[in-house]
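In terms of the numbering used here, the sequence shown has 256 at position 136, counting the first letter as 1, and numbering is strictly consecutive.
Written below as structure tokens is the structure these notes are about.
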Amino acid sequence: MMLSKNKIGFIGGGNMAEALLKGMLSSAGPLDVAVSDLNTNRLEMFRTQYGVEAITKDSKKVVEYADVIIFAVKPQVIPEILDEIKDLVADKLIVSIAAGVLTASIESHLNEGARVVRVMPNTPALVGMGASGICKGSNATPEDIELVQTMMETIGVCVVVGEDRMDAITGLSGSGPAYVYTFIDALADAGVNMGLTRVNATTLAAQTVMGAAKMVLETGIHPCQLKDNVTTPAGTTICALHELDRGAFRSTVMNAVESATKKAAKLGKLNK
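As structure tokens, this is what we get:
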């Protein structure tokens, strides 16, 4: 597998880095990995739980060690780290999972020709059910994109887009889990209102959302057709759908994604 041929370095040992490492180890088996983080407790966790012996507080050591360097730190600290390592990454691949940081911004802190790939993951990656967007920098190769796809597919699904579509990825799947959690909570509240216990209502609501999503992904049938399959004439479902339309449900969801996309674009300009 492509992953096993590369030494992987994580700059930042937070939850997303852990999720990605866990997915890659599960898919590819033992890997050569190094992790840097200022939190010694997190470093010790990587050593004890995942067998990572190359743990350090020094980002430079990770860069010297690895072929692929994954930036999993807060966006505001990336420029400082890049300036420190710029002379060490001549033939290495930089992968950023930091929200809103453009590939051009990363490249501007590195020497000419630096290979950069940007990824927008989401939090369900923590349970192996992520949805990620990938885009290439100006010097990244098709092989680089293929490698990053392989990495991200260990924690869910991914799509490759132009960078001008990454804000839409952020608005849809990046922020999307929050919309779904709100919907699940509303479904559960409705169940409680109709007499179900909170535990039963939440379980049924969450499983219903997960099951419906799996139907879309595994059958390949359009969501509208799947909706029609549930909707019998003069039945309960069409009455419920009528109420959702009365409340502008579809329009509200579309407006939410549009608003998040526009906000992501503004944040991207701030992170240049």
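Quick reminder that beta carbons are idealized off the backbone N, C-alpha and C, glycines included.
Inset, instruction - Would you mind stating whether residue 238 and residue 283 have Cβ atoms separated by less than 8 angstroms? - result: Counting from one through the sequence shown, the residue named residue 238 turns up at place 118. Counting from one through the sequence shown, the residue named residue 283 turns up at place 163. In terms of Cβ geometry, residue 238 and residue 283 form a close pair [threshold 8 angstroms].
Legend entry - Neighbour-count burial assignment, residue 250, 16 or more Cβ in a 10 Å radius: As a working note, residue 250 is residue 130 in the sequence shown. Residue 250 is buried by the Cβ-count criterion.
Legend entry - Alpha-carbon to alpha-carbon, residue 360 and residue 206: Mapped onto the sequence shown, residue 206 falls at position 86. Mapped onto the sequence shown, residue 360 falls at position 240. Looking at the two C-alpha atoms, the distance is approximately 57 angstroms.
Inset, instruction - Compute the minimum distance between the beta carbon of residue 150 and the heavy atoms of the ligand HEM, and state whether it is under 7 angstroms. - result: Absent from the structure shown: the ligand HEM. Ligands present: none.
Legend entry - Residues of its chain near residue 214, where Cβ-Cβ distance is below 6 angstroms and the 5 sequence neighbours each way are ignored: Here residue 214 refers to the residue found at position 94 of the sequence shown. Excluding positions up to five away in sequence, the list reads 189, 236.
Inset, instruction - Identify every run of the beta strand (DSSP E) within the segment 230-290, keeping only runs that are complete inside it and at least 3 residues long; order them along the chain. - result: You should have 235-240, 250-256, 276-280.
Inset, instruction - Please state if the CB of residue 380 and the CB of residue 295 are separated by a distance shorter than 8 angstroms. - result: Residue mapping note: residue 295 aligns to position 175 of the sequence shown, counting from 1. Residue mapping note: residue 380 aligns to position 260 of the sequence shown, counting from 1. Yes, these two residues count as a Cβ contact at 8 angstroms.
Legend entry - Nearest to residue 212 (by Cα), restricted to the options 297, 356, 264: The count along the sequence shown starts at 1 and reaches residue 212 at position 92. Checking every option, the nearest Cα to that of residue 212 belongs to 264.
Legend entry - Three-state class that DSSP yields for residue 367 in the structure shown: Walking along the sequence shown from the start, residue 367 turns up at place 247. DSSP places residue 367 in coil when its eight states are reduced to three.
Inset, instruction - Please name the residue or residues paired with residue 130 in a DSSP beta bridge. - result: Looking up residue 130 in the sequence shown gives position 10. In DSSP, residue 130 forms a bridge with 155, 190.
Legend entry - Contact set for residue 122: own chain, Cβ-Cβ below 8 angstroms, skip 5 residues either direction: The count along the sequence shown starts at 1 and reaches residue 122 at position 2. Closer than 8 angstroms at the Cβ level, and outside the excluded window around residue 122, lie 266, 267, 270.
Inset, instruction - Determine contact between the segment 366-373 and the segment 333-341, defined as no fewer than three beta-carbon pairs at a distance below 8 angstroms. - result: Touching, no.
Inset, instruction - Locate the alpha helix (DSSP H) running through residue 198, then write down its first and last residues. - result: Along the sequence shown, read from residue 1 onward, the residue named residue 198 stands at position 78. DSSP places residue 198 inside the alpha helix (DSSP H), whose first and last residues are 198-205.
Legend entry - Within 8 angstroms, strictly: CB atoms of residue 219 and residue 136: On the sequence shown, residue 219 is found 99 positions in, with the first residue counted as 1. On the sequence shown, residue 136 is found 16 positions in, with the first residue counted as 1. Contact flag unset, no.
Inset, instruction - Kindly indicate which three-state DSSP category residue 213 falls into: helix, strand or coil? - result: Here the question's residue 213 lines up with position 93 in the sequence shown. In the three-state reduction of the DSSP assignment, residue 213 falls in the strand class, which pools E and B.
Inset, instruction - Excluding the 5 residues preceding and the 5 following residue 151 in the sequence, name in chain order all residues of the same chain whose CB lies nearer than 7 angstroms to its CB. - result: Translated into the one-based positions of the sequence shown, residue 151 becomes position 31. So the list reads 123, 124, 128, 144, 145, once near-sequence residues are dropped.
Inset, instruction - Return the residue from the list 376, 375, 247, 347 that minimises the CA-CA distance to residue 362. - result: Numbered from its first residue, the sequence shown carries residue 362 at position 242. Taking only the C-alpha atoms, the option nearest residue 362 is 347.
Inset, instruction - Can you tell me which of the three DSSP states residue 317 falls into? - result: As a position in the sequence shown, residue 317 is number 197, starting the count at 1. DSSP places residue 317 in the coil class of the three-state scheme, outside both helix and strand.
Inset, instruction - Using only alpha-carbon positions, find the residue among 138, 281, 308 that is nearest to residue 191. - result: The residue given as residue 191 occupies position 71 in the sequence shown. The shortest C-alpha to C-alpha distance from residue 191 to any of 138, 281, 308 is the one to 138.
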